[in-house]
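FYI, the numbering for the sequence shown is 3 to 221, going by our numbering.
Note that CB positions come from ideal geometry on N, CA and C, so glycine has one too.
Report on the structure given below.
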Amino acid sequence: MLRLRHISITQFKNYERFSVDFTSNVVGISGKNGMGKTNLLDAIYYSCFTRSYFTHGDASNILNGTDGFRLKALFEKDGKDLEVISVYRGGNKKEISVNGVPYEKLSHHIGVLPVVMIAPDDVELITGGSEGRRKFVDTLISQLNPGYLQELIRYNKVLQQRNSLLKNWNHHSSYELLDALDHQMTAPGDSIFNTRRYYFQELIPLVKKFYQPKIIQLS
3 MLRLRHISIT QFKNYERFSV DFTSNVVGIS GKNGMGKTNL LDAIYYSCFT
53 RSYFTHGDAS NILNGTDGFR LKALFEKDGK DLEVISVYRG GNKKEISVNG
103 VPYEKLSHHI GVLPVVMIAP DDVELITGGS EGRRKFVDTL ISQLNPGYLQ
153 ELIRYNKVLQ QRNSLLKNWN HHSSYELLDA LDHQMTAPGD SIFNTRRYYF
203 QELIPLVKKF YQPKIIQLS
């Protein structure tokens with residue numbers, strides 16, 4: 003069982019300093035508009051997933067007029083305490099540690115504390131394009147399957163190299179390099195596809211169970 007017991011926030015979004023204990027399994031958060039309810043949830047999400055759910059780039063999460071932020075969250079997982087500290091000092095100076103031990107790779111934290119954010123913009127998963135749905139699915143599967151996350155990282159790294167090559171293509175460019183990059187994308191691409199298919203097949207019976215169509219007779 004996973005439970006959040008405490009979080010302390012320093013210079014994150016609209017919070018200068020804030021801390022709160024969670025003493026119940028179910029917690030309701032209320033307050034006026036602009037008080038920071040969503041930002042509190044985002045700080046919790048960040049502690050679990052190493053990034054904000056709403057903003058791209060850590061610099062966007064810093065309180066105006068400051069140069070970094072710090073989050074400390076205390077979780078209880080399967081009877082053990084996990085203290086997660088996330089520190090961003092600007093630029094690429096970012097560190098996340100668990101019980102005082104920093105990660106060599108931040109991706110190793112993904113899945114340790116599974117989290118799902120529910121937000122108003124989630125309606126775009128239905129009304130928006132396929133890219134948003136793929137990213138949402140990737141977020142969920144990455145927390146269940148660490149190998150999937152590593153294949154995603156590997157695939158996207160090569161894809162960026164390939165796109166950069168094509169963007170700067172000229173008569174000196176190498177078709178051999180392009181073929182090599184295409185070849186490097188094949189194995190992780192196949193793995194990503196097969197893993198997605200596996201989880202979709204696992205999900206279909208649940209979707210059918212809870213979302214059976216109902217016919218309403220109007221008299």
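In the structure shown, the three-state DSSP call for PHE77 is strand. Segment contact: the segment 87–104 against the segment 51–66, three or more CB-CB distances shorter than 8 Å; contact assigned. In the three-state reduction of the DSSP assignment, TYR17 falls in the strand class, which pools E and B. Rounded to the nearest angstrom, the Cβ distance from LEU73 to TYR48 is 6 Å, consistent with a contact under 8 Å.
In the assembly as shown, ALA61 is an exposed residue. Its beta-carbon has fewer than 16 other beta-carbons within 10 Å. Going by DSSP, SER176 is part of no alpha helix (DSSP H) at all; its letter is neither H nor E.
Contact between the segment 130–142 and the segment 160–169 is not established, with fewer than three Cβ pairs separated by less than 8 Å.
Comparing alpha-carbon positions, the option among GLY92, LYS39 and LEU84 lying closest to VAL103 turns out to be LEU84.
Judged by their CB atoms, TYR157 and GLY191 are nearer to each other than the 7 Å cut-off.
A direct Cα-to-Cα measurement between ASN196 and GLU18 gives close to 45 Å. In the three-state reduction of the DSSP assignment, TYR55 falls in the coil class. Here the segment 136–150 lies against the segment 197–206, with 3 or more beta-carbon pairs under 8 Å apart. Under the DSSP assignment, GLU153 falls in the alpha helix (DSSP H) whose first and last residues are 148–169. Distance from the CA atom of ASN35 to the CA atom of LEU179, rounded to whole angstroms, is 53 Å. GLY38 and LYS82 have their C-alpha atoms spaced approximately 30 Å apart. Your pair LEU4 and PHE77 checks out as a contact, with CB atoms roughly 6 Å apart and the cut at 8 Å.
In this structure, DSSP gives SER193 a helical state, which the three-state scheme calls helix. Approximately 11 Å separates the beta-carbon atoms of GLY92 and GLY59; this is outside 8 Å, ruling out the contact.
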